[in-house]
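Structure, as structure tokens:
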Amino acid sequence: MSHAFYVAVSYAATFATVAGLVLWVWLDHRARRRELEQLEAAGVRRRSARPAAKSGGQP
Amino acid sequence: MIALLVRDLRLSVRAGGGALIGVLFFMTVVAVIPFGVGPDLNLLSRIGPAILWIGALLASLLGLDRLFQAEREDGSLDLLLMQETPLVLIVFVKCLAHWIATGLPLVLASPLLGLFMNMDEMAIGATTLTLLAGTPAITFIGAAGAAIAVALPRGGLLVSILVLPLAIPVLIFGVSAVHAAIEDPAPFLPPFLILVALNLFFAVVGPVAAAGALRLSSD
Amino acid sequence: MRLVAEGLSAKRGEDLIFHDISFEVAAGEALVVKGANGAGKSTLLRVLAGLLPPEAGSVRIDAAAHTVERPCEACHYLGHRNAMKRELSVEENLRFWKACLGDLQGGQGLAVDAAAAMVGLGGITHLPFGYLSAGQQRRIAMAKLLVAWRPVWLLDEPTAALDAAAEEMFSGLVTRHLSAGGIAIAATHQPLGLGGAKELRMTGFAGLAEDAW
Amino acid sequence: MNEPSLVIRKFSDLANPTRFLALVARVWPWMAGMTICLFALGLYLAFATVGDYQQGDTVRIMYVHVPAAWLSMMGYSVMAVSALGTLVWRHPLADVSARAAAPIGACFTFVALVTGSLWGKPMWGTWWVWDARLTSVFVLFLMYLGLIALNRAMDDPTRAAKVGAVLILVGFINIPIIKFSVEWWNTLHQPASVIRLDGPTIDAEFLRPLLVMAAAFTLLFLTLHALAMRNEILRRRIAVLRRHAARAAGRPGGAA
């Protein structure tokens, strides 16, 4: 097989891995955002955003 | 039954699940071999299929002890035992989920490790195919061992000791099928078909034995 | 429908735990099993649930809407352990048991959300089960009784980790189940607040089985 | 502390996850933009230069292989520094950083292994040899995966953080082994040619794209790391909120 083939495959493999990484970061972020919104919708808010905060251990 | 399959798969990928551990153990075992036998590529390519098979055998035994123990610890096993659904079927589905979570990744990782062992394309293909046919058998027969050891405090090691002798036929026919594929004169199909037959045999015997052992172990 | 136990005795290891216990519970009735620690309450429930083979005697269900091969198939068993996975969310856990157990003829299980609301934890089904406190986990385990219909409830110390309000909630659940034609058998120290429940007092059995050795 | 220096003040400012999130939100588009620009330039240079007279076109594999290999070690070093941060300074973000770096480092190690194999097949005639450099990088890959598995196995983040940090520091021995393996043992892999005491031994023709690509990959790593840290912070925030929700559900009138 020609050397150009190996070059192409290695660039493709690198690109695929990096793209997968970017995709993972992005999807993870979206999922976390959605979970936060769900919690927010259920009325669960961070202490700093809640006016009458109860004292307790810092998260 | 689908619900049980989905739940077990979910558990295996959630935190603390065993899906990653098995394949990692497989890779580590295979990576250690060349340190032991020396980096002689010709030797490695000759013993590569056997090493992959032994690595996969050990790796698929790894998580088996938790198959029923986790269910027993939180009381789910009691409820599963009470159901109208035959226990054999429940065990079969649990084995299937366990194989998809731990056995299938081993099969998928084996071509990569085959390259590390300097095996040629034919040997890699044959090894992957035989592992695909053989690892379910190990899981099924391992389920019987897991069910026997479910009530024991240090059941994990015992499962391996109980199951390894029973898994020897699978190993024999798996490796001989690969060798047949590499060396021309011997035909590949007979040992491979025996492997498939073993798989079907264990798919029946394993769950039946496991179900019996689980019924007896409840107290 | 009647649940009938005749001359039950059971062993654990070599010890005979109880001997010759008979009772009969009809639809809409509750039976409270009382007795000191070690009197064999849990063992009796496990025998009824088919998890321990009885040494002698038999359990059967008469005149059921849906004839079952083994009596335990018509039973819910709420043991000491909750039968829930910590890693999965409450909803996933309940959904699994709803699908896995299925309804028996003669009744209908509640939807997952409705069942969680019945035990007072409607808003937190999205949380992982492991995040809940012991009392909340127990209440979710009770919601499991609601998602799939079983005429017979076998309850082993159901209210051990619960506060007074939750105990009251639970006796409400049991009363509701009885009025729907169910049967409840509970082993407990605490009063369950069930008016008109039958009582079975277990005294324990001080003696070995046959002196085989 | 009477008068903390500016650096320390800035550093402890960052210890507040909310401030860190704000910083990431402001900075990451710039980092991503710069990464893309550098990659464009690097890829142009990589394919515009002539091939090596010995290696032919395959020299171009080096432009991804060398940066990936360098990042696999840098990623582990980032984790090691974070581990020190967890154990010594108890910096609240240190463990977040170590956790976020593990999958990214594993991916770049994987790229280094794959591109190395693809270079080795035409050059050495085999996909893989068990020499010191390749083996130690493979061990590094397994260590990354082991750390990821460890992180996933424990559901209590603070306990997992300390145990993980100890493991990371123990595993750090492997990094100098990888770096110097080509000099300590006589191996097939060629010795370092860029970072040397007596200056690079590589022709400027190849050095220029290599350096640009290395810079691009490093920026890519930093961008992904910052974003992954953001995800990890959100994950922990969600976990805390959920525990609060579970506790509040028990109280009458609490948020359900």
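Residue numbers (the working numbering), protein chains in the order written: chain A, 258 to 316; chain B, 2 to 220; chain C, -15 to 197; chain D, 916 to 1171.
For every residue, glycine included, the Cβ atom is placed at its ideal position computed from N, Cα and C.
* State whether the segment 130 to 146 of chain C contacts the segment 167 to 183 of chain C, with contact taken as three or more CB pairs (one from each stretch) at a distance under 8 Å. => Contact annotation: the segment 130 to 146 of chain C touches the segment 167 to 183 of chain C, with at least three C-beta pairs closer than 8 Å.
* Contacts that arginine 291 of chain A makes with chain D (C-beta to C-beta distance below 8 Å) -> Those do not exist, as arginine 291 of chain A stays about 10 Å from chain D at its closest Cβ, beyond 8 Å.
* Does the beta carbon of aspartate 183 of chain B sit closer than 8 Å to a beta carbon anywhere in chain D? -> In the sequence as presented, aspartate is not what sits at residue 183 of chain B; that position holds isoleucine. Output row for isoleucine 183 of chain B: interface = no.
* Asked: Is the number of C-beta pairs between the segment 38 to 48 of chain C and the segment 64 to 78 of chain B that are closer than 8 Å three or more?
  -> Under the 8 Å Cβ criterion, the segment 38 to 48 of chain C does not count as touching the segment 64 to 78 of chain B, having fewer than three qualifying pairs.
* Can you have a look at asparagine 1066 of chain D and say buried or exposed, based on whether 16 or more other CB atoms are within 10 angstroms of its CB? => Buried.
* Asked: Looking at the C-beta of histidine 1104 of chain D, does it have a partner C-beta in chain A at a distance below 8 Å?
  -> Chain A, which has no Cβ nearer than 8 Å to the Cβ of histidine 1104 of chain D, makes this no.
* Measure how close the beta-carbons of threonine 128 of chain B and leucine 25 of chain B come, nearest whole angstrom, since I'm counting them as under 8 Å. => At roughly 19 Å, the Cβ-Cβ gap does not stay under 8 Å, so threonine 128 of chain B and leucine 25 of chain B are not in contact.
* Closest by C-alpha distance to lysine 182 of chain C, when choosing among C:His110, C:Arg(-14), C:Ala14 -> When only C-alpha atoms are compared, the closest one is C:Ala14.
* Asked: Going by the beta-carbon positions, is the gap between phenylalanine 154 of chain C and leucine 162 of chain C smaller than 8 Å?
  -> With respect to leucine 162 of chain C, phenylalanine 154 of chain C sits apart: the two C-beta atoms are not nearer than 8 Å.
* Which residues does DSSP pair with cysteine 59 of chain C in a beta bridge? -> C:Val136.
* Asked: Straight-line CA distance for threonine 973 of chain D to valine 264 of chain A?
  -> Roughly 6 Å separates the two Cα atoms.
* Range covered by the alpha helix (DSSP H) that runs through aspartate -1 of chain C -> DSSP places aspartate -1 of chain C outside any alpha helix (DSSP H); the residue lies instead in the beta strand (DSSP E), whose first and last residues are -1 to 10.
* Helix, strand or coil at serine 117 of chain C [DSSP, three-state] -> It is coil, neither helix nor strand.
* Per-residue DSSP class, three states only, for phenylalanine 935 of chain D -> Here phenylalanine 935 of chain D sits in helix by DSSP.
* Segment contact flag, the segment 100 to 109 of chain B with the segment 174 to 185 of chain B, C-beta cutoff 8 Å, min 3 pairs -> The segment 100 to 109 of chain B is not in contact with the segment 174 to 185 of chain B.
* Asked: Which of the residues in the segment 100 to 134 of chain C, read from start to end, lie with their CB under 9 Å from any CB of chain D?
  -> Of all residues in the segment 100 to 134 of chain C, the ones placed with a Cβ closer than 9 Å to any Cβ belonging to chain D are Gly104, Leu105, Gly106, Gly107, Ile108, His110, Leu111, Pro112, Gly114, Tyr115, Leu116, Ser117, Gly119, Gln120, in chain order.
* Asked: Can you find a CB in chain D that lies within less than 8 Å of the CB of leucine 280 of chain A?
  -> With 8 Å as the cut-off, leucine 280 of chain A does not count as an interface residue toward chain D.
* Where glycine 300 of chain A and valine 74 of chain C are concerned, what is the direct C-alpha to C-alpha distance, given to the nearest angstrom? -> Between the alpha carbons of glycine 300 of chain A and valine 74 of chain C lies a gap of roughly 18 Å.
* **Validate contact between the segment 165 to 176 of chain B and the segment 121 to 140 of chain B using beta carbons, cut 8 Å, 3 pairs** => Taking 8 Å as the limit for Cβ pairs, the verdict is that the segment 121 to 140 of chain B does touch the segment 165 to 176 of chain B.
* Check whether the segment 1133 to 1153 of chain D touches the segment 929 to 948 of chain D, counting contact only when three or more Cβ pairs, one atom from each stretch, lie closer than 8 Å. => At 8 Å Cβ cutoff, the stretches touch.
* When you compare each of C:His3, C:Val16, C:Arg44, C:Val31 to arginine -14 of chain C by their alpha carbons, which one comes out closest? -> Comparing Cα-Cα distances from arginine -14 of chain C to each of C:His3, C:Val16, C:Arg44, C:Val31, the minimum goes to C:Arg44.
* What are the residues that DSSP puts in a beta bridge with methionine 1069 of chain D? -> Methionine 1069 of chain D pairs with nothing; no bridge assigned.
* Could you pull out every residue in the same chain whose Cβ sits closer than 6 Å to the Cβ of proline 316 of chain A, ignoring the five residues on either side in sequence? => For proline 316 of chain A, the predicted structure reports a pLDDT of 40, less than 50, and the residue's modelled location is therefore unreliable. The matter cannot be settled from this model.
* List, in order along the chain, the chain B residues whose C-beta lies closer than 7 Å to that of glycine 1061 of chain D? -> Chain B residues near glycine 1061 of chain D: Leu25.
* Under 8 Å between C-beta atoms, does arginine 67 of chain B make it to chain C? -> For arginine 67 of chain B, the answer is no, since every Cβ of chain C falls outside 8 Å of its Cβ.
* Going by the beta-carbon positions, is the gap between glutamate 71 of chain C and arginine 73 of chain B smaller than 8 Å? -> It is not a contact, given that the beta carbons lie outside the stated cut-off.
* To do: Check whether the segment 1081 to 1097 of chain D touches the segment 1050 to 1062 of chain D, counting contact only when three or more Cβ pairs, one atom from each stretch, lie closer than 8 Å.
  => The segment 1081 to 1097 of chain D vs the segment 1050 to 1062 of chain D: in contact.
* To do: Might you give, ordered along the chain, the residues of its own chain that have their beta carbon closer than 6 Å to the beta carbon of alanine 1171 of chain D, omitting 5 neighbours on each side?
  => Summary for alanine 1171 of chain D: the model assigns pLDDT 37, below 50, so the residue's position carries little reliability; its value from the coordinates is reported in the next sentence. Ala1164, listed in sequence order.
* To do: With a cut-off of 8 Å on the beta carbons, I'd call phenylalanine 7 of chain C and serine -7 of chain C a contact; round off their distance for me.
  => Contact doesn't hold; Cβ gap of about 13 Å is too wide.
* Start and end of the alpha helix (DSSP H) containing arginine 73 of chain B? -> DSSP places arginine 73 of chain B inside the alpha helix (DSSP H), whose first and last residues are 67 to 74.
* Asked: Does serine 1051 of chain D have its Cβ less than 8 Å from a Cβ in chain B?
  -> The Cβ of serine 1051 of chain D sits no closer than 8 Å to any Cβ of chain B.
* Asked: Where does serine 219 of chain B fall in DSSP's three states?
  -> Secondary structure of serine 219 of chain B (DSSP, three-state): coil.
* Under the three-state reduction of DSSP, which class applies to valine 31 of chain C: helix, strand or coil? -> It is helical.
* Nonlocal neighbours in the same chain, by C-beta distance under 6 Å from histidine 60 of chain C, ignoring five residues either side -> Here the set comprises Leu129, Arg134, Trp137.
* Given valine 1054 of chain D, which residues of its chain have a CB within under 7 Å of its CB, disregarding the five upstream and five downstream residues? -> Short of 7 Å from the beta carbon of valine 1054 of chain D, and not among the five residues preceding or following it, lie these beta carbons of its own chain, in chain order: Asn1089.
* Asked: Nearest to leucine 113 of chain B by alpha carbon, out of D:Met1069, D:Trp1042, D:Trp1004, D:Arg1151?
  -> Of the candidates D:Met1069, D:Trp1042, D:Trp1004, D:Arg1151, D:Trp1042 places its Cα closest to the Cα of leucine 113 of chain B.
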